[in-house]
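Student: Handing you this structure, nothing more for now.
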Amino acid sequence: MICSFGHEGKFSTHLSRITVIKEDKHGLDYPVLCHQCDVCPPISVCPADALKRNELGVINVNKDACTGCGSCVSTCMFHALKLDKSSKPFTCDLCRGKPICVERCPTKALTYEESETAMSRPEDAFAELLKRWNISG
Amino acid sequence: MAELLGYAGKVLRVDLTRKETTVSKLERDMAADFLGGRGFNSKRLYDEVKSGTDPLGPENRLMFSSGPLVGTMFPTACRFNVSAKSPLTGILGDSNAGGHFAAELKFAGYDQVIFQGSSKDPVYILINDSAVEFKDASHLRGKDVYETDEAIKADLGDRRVQAAIVGPAAENGVRYAGIYANLMRAAARTGMGTVMASKGVKALVVRGTGSIDVADPARFERLVRDIEEEIYGHEQYWPRRRMGTTRILMMANAGGFLPTRHYTSGIFEYAKEVSGERLAEEYNVKTRGCFACTIPCSRFYVVKHGEFAGLSAEGPEYEALGSLTSRVGNRDLNVALKANDMCNRLGLDALTTAECISWAMELYEKGLLERSEADGLDLSWGNGNTILTLIEKIARREGFGDILADGSRAAARKLNKGMDLTMQVKGLDIIMADPRGLKGFGLGYAVASRGGDHLRSEPFIELSDDPKRGEEMFGVPEATLRLAYRGKGKLVSYFEDWCAVIDALEPCKNIMQNMEILTFDRAAEVVEAVTGLKMSAEEVRRAGERIVNIERAYNVREGMSRSDDTLPRRFREESLSEGPSRGTRFEQEPMLDEYYAERGWNRDTGIPTRESLERIDLGYVADELARLGRI
């Protein structure tokens, strides 16, 4: 909620750049947002060249250039782009380096860090989990 | 006049007979006088569902409402109220649930949805922002809540829809079937699911991409930050996160008011084995929150061993847990979890189901009911197989289950025995707190507008047993002593007004009321920041009073009066024999006198007076009651 409020001054799950998908049967909640992929299909597929990375590596949308075709939305592998009421895409812009979701997360579950330190290789992360849960082998 | 914010601004009316929908603007007076949620529903129920209406006929109306805070980031503002004339009690019915459904309905643009008429063919209603469709539901008939949710999502190719669903119990006409959102967020009480199914509606499915604006964003954000801080710093934060409401079970047992074996005792010797503490230690794997919740108290559990290994779900809450353990004398936690899961899937109110089963068990144990009358079932206290078998039989209306499927009051009439052992008020069974150990709660059950229920007043402060609070709040120290009688009229009317305001604004009562966060003063501030409506704390409380009074008037019009405000004979005539609440009965008459005086109602009849109604701008209600000769 703070995401849509921070960006648009309105409360809306649709206008939020973070979407939490819920699978109630299994008790799962997982967030969907822009991963800043090295290879970004929406950027390459945009026919109007309206998507560009800024100095943070974040995707910027040039709304004047955008034709509203929606190709970007259908090619994002994480479904992290959405269209607003005028069919222009929007996605997480990391709030110019000061993400409001991190600032306002009351339990400090969200942090903002360089990816090298925040992310480890999957096998290392798995080994870490096994250690934490006291599982051997 | 400034635009009304916070609300979605529209009311959707769905005529199921004609397959037509109409949209109207939310009236400003409605918002200012009744705030939202339960307030909107009760007002419209009074205005549109006349006395004598058949609860399962097309003239009954089923209404869903959220409140002005829902859809914003106000902590815990996620709830919806669903109301209709109840097929279980024959008076005002309503129920309330959390989850993510209500916010989605706001984002789709509606504060209230009203169903009227009934559809010959089974349908589900799909709201996709401003588009509303009647969808064929013939393939969903007989499917349980989980199966229906899955099938609808597959049909629509969208897993983000929010669906409020009825199960087979509702379709089979069990009179205490609920409506389920997010699979197990149950609006279970008073048979609202039964009404929905009687209208031919299997589900209300919503997808909303709109947004909610608030009147004063900066002030609103400050209020939210303050409230968040208070919640995170509250002593109840971690116990609630760890155990949710299930923490109450051991507290009630310690106080000697945990209903055990159908209220024949207030202490369950196996309480520890079925406690919230045990669930937290051995079963729970994570916590989840409802929409905008800062204190996620819903626990996701997994059964790890035994016959039901692999069973997993959210919950249970205290009422379901206690009902399916101590109330029926069951010490096997796995059986209780299985039973609760069955109730959720079949779409049954776990509380009323447990009342019916425990009532039958008491008759059997007392030699008043033969095995042969109950399909050969062994109805000994706590028999797990019998409990699970009966849940299935009730939902299918098979054999003895058919007898129990209309509630314990109706079952006693059908069998022509055991009426004075039914633990209900006005047809709705009493919740899991023995009123002999909590006099204010008991008064609340007696006068509650939907029958024997605590959520209309829940004067939790009584549990403090601290006379200073009573002195401070009501000038009567005894008001907050749980075994005392004096001051309870003041206590209960204050808490009833407060509950009505919370049920209208639709945040979580557990947090906003029980943790004393959203007081009348603060509610006035929040309402202004969100909606732009300028209201004093007194005016907010008056909205609560208006809700309580219009509900009372609804029931008066259905023939209720003081003689119906009574607890079952057992509480009035028998005392508890052990524990801290032993030796005391429930003496209701002096408390009722005090309560009616506090409300300004007629002491002899319990009916609102013209003056009491006019004081809160309900003159038109007084006119109607006068025409009917009730005042």
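From first to last, the protein sequence lines stand for chains U and E.
Just so you know, we're using my numbering here: the first sequence kicks off at 2 and counts up by one.
Just so you know, we're using my numbering here: the second sequence kicks off at 50 and counts up by one.
We put the beta carbon where it would ideally sit given N, CA and C, even for glycine.
Of all the CB atoms in chain E, is at least one closer than 8 Å to the CB of U/F91?
Tutor: So, not an interface residue.
Student: To the nearest angstrom, how far is it from the Cα of E/D262 to the Cα of U/H15?
Tutor: Taking the straight line from one Cα to the other gives about 14 Å.
Student: Using the three-state DSSP reduction, which class does E/D424 fall into: helix, strand or coil?
Tutor: DSSP places E/D424 in coil when its eight states are reduced to three.
Student: With C-beta atoms as the reference, is E/N383 less than 8 Å away from E/E356?
Tutor: Result yes, Cβ atoms of E/N383 and E/E356 sit closer than 8 Å.
Student: Cβ of E/R77 within 8 Å of Cβ of E/L61?
Tutor: No, Cβ-Cβ distance for E/R77 and E/L61 is not below 8 Å.
Student: With which residues is E/N177 paired in a DSSP beta bridge?
Tutor: BP columns for E/N177 point to E/A180, E/R256.
Student: Between the region 147 to 167 of chain E and the region 252 to 261 of chain E, do at least 3 Cβ pairs fall closer than 8 Å?
Tutor: With a cut-off of 8 Å, the region 252 to 261 of chain E and the region 147 to 167 of chain E count as touching, because enough Cβ pairs lie within range.
Student: Identify the contact partners of U/L16 in chain E, using a Cβ-Cβ distance below 8 Å as the criterion.
Tutor: What U/L16 touches in chain E: S260.
Student: Count the C-beta pairs between the region 190 to 210 of chain E and the region 93 to 107 of chain E that are closer than 8 Å, then say yes if the count reaches three, no if not.
Tutor: The region 190 to 210 of chain E, when compared against the region 93 to 107 of chain E, does not touch it at the 8 Å Cβ threshold.
Student: So who's on the other strand from E/V541, going by DSSP bridges?
Tutor: In DSSP, E/V541 forms no bridge with anything.
Student: Mind listing the chain E neighbours of U/S5? Cutoff is C-beta to C-beta under 8 Å, in chain order.
Tutor: The answer, in chain order, is S260.
Student: Would you check if the region 442 to 449 of chain E and the region 345 to 361 of chain E touch, i.e. whether three or more CB-CB distances between them fall below 8 Å?
Tutor: In short, these stretches do not touch, since the Cβ pair count stays below three.
Student: Three or more C-beta pairs closer than 8 Å, one from the region 471 to 478 of chain E and one from the region 403 to 410 of chain E: is that the case here?
Tutor: Result yes; three or more Cβ-Cβ pairs closer than 8 Å.
Student: When the Cα of E/D64 is compared with those of E/N393, E/V162, E/G500, which residue comes out closest?
Tutor: For the residues E/N393, E/V162, E/G500, the minimum Cα distance to E/D64 belongs to E/V162.
Student: If contact means a Cβ-Cβ distance below 8 Å, which residues of the region 323 to 350 of chain E contact chain U?
Tutor: The region 323 to 350 of chain E vs chain U, Cβ under 8 Å: V334, K335, R337, A341, T343, F349.
Student: On the CB-based measure, 16 or more other CB atoms within 10 Å of its CB, does E/H311 come out buried or exposed?
Tutor: Counting Cβ neighbours within 10 Å, E/H311 comes out buried, since at least 16 surround it.
Student: At the 8 Å Cβ level, is U/S13 part of the contact set with chain E, yes or no?
Tutor: It does: the Cβ of U/S13 has a partner Cβ on chain E nearer than 8 Å.
Student: So, E/F536 versus E/F523, is the Cβ gap smaller than 8 Å?
Tutor: Checking the displayed sequence, the identity of residue 536 of chain E turns out to be Gly instead of Phe. Yes, the Cβ-Cβ distance between E/G536 and E/F523 is below 8 Å.
Student: Going along chain E, which residues have a C-beta under 8 Å from U/D30?
Tutor: Neighbours of U/D30 on chain E, chain order: R337.
Student: Quick check on the burial criterion: 16 or more other C-beta atoms within 10 angstroms. Buried or exposed for U/S13?
Tutor: Buried, because 16 or more other Cβ atoms sit within 10 Å of the Cβ of U/S13.
Student: Helix, strand or coil, according to DSSP, for E/G581 in the structure here?
Tutor: It is coil, neither helix nor strand.
Student: What does a CB cutoff of less than 7 Å around U/A49 pick up in its chain, not counting 5 residues either side in sequence?
Tutor: So the list reads A66, C67, T68, once near-sequence residues are dropped.
Student: Looking at the unbroken beta strand (DSSP E) that takes in E/L111, where does it start and where does it end?
Tutor: From DSSP, the beta strand (DSSP E) with E/L111 extends over 111 to 114.
Student: With distance defined between alpha-carbon atoms, name the residue in E/A301, E/A152, E/R337, E/G242 nearest to E/P629.
Tutor: Cα-wise, what sits closest to E/P629 is E/A301.
Student: In angstroms with no decimal places, state the Cα-to-Cα distance between E/Y281 and E/N563.
Tutor: For E/Y281 and E/N563, the distance between alpha carbons rounds to 15 Å.
Student: When you check each C-beta in the region 41 to 73 of chain U against every C-beta of chain E, which residues fall closer than 7 Å?
Tutor: Per Cβ criterion, the list is empty.
Student: Please check if any C-beta of chain E sits within less than 8 Å of the C-beta of U/K109.
Tutor: No, its Cβ sits nowhere closer than 8 Å to a Cβ of chain E.
Student: Identify whether E/N130 lies in helix, strand or coil by the three-state DSSP scheme.
Tutor: In the structure shown, E/N130 sits in a strand (DSSP, three-state: E or B).
Student: State the start and end residues of the unbroken beta strand (DSSP E) segment that holds E/S361.
Tutor: Run containing E/S361: 361 to 363, per the beta strand (DSSP E) assignment.
Student: Using the three-state DSSP reduction, which class does E/R348 fall into: helix, strand or coil?
Tutor: Of the three classes helix, strand and coil, the one that applies to E/R348 here is strand, per DSSP.
Student: Is U/K26 near the ligand SAH, with its Cβ less than 7 Å from a heavy atom?
Tutor: Among the ligands in the structure shown, none appear at all, so the ligand SAH cannot be discussed.
Student: Under a three-way DSSP split, which group does E/T529 fall into?
Tutor: Helix at E/T529.
Student: Using only alpha-carbon positions, find the residue among E/D613, E/K321, E/R591, E/T66 that is nearest to E/A81.
Tutor: Checked all of E/D613, E/K321, E/R591, E/T66; the closest Cα to E/A81 is E/R591.
Student: Residue range of the alpha helix (DSSP H) that E/Y195 falls in?
Tutor: 194 to 205 is the span of the alpha helix (DSSP H), which, as asked, contains E/Y195.
Student: What separation, rounded to the nearest whole angstrom, lies between the Cα atoms of U/E124 and U/I136?
Tutor: Going by the C-alpha atoms only, they are around 15 Å apart.
Student: What's the C-alpha gap between U/A126 and E/K335?
Tutor: So the two alpha carbons sit approximately 20 Å from each other.
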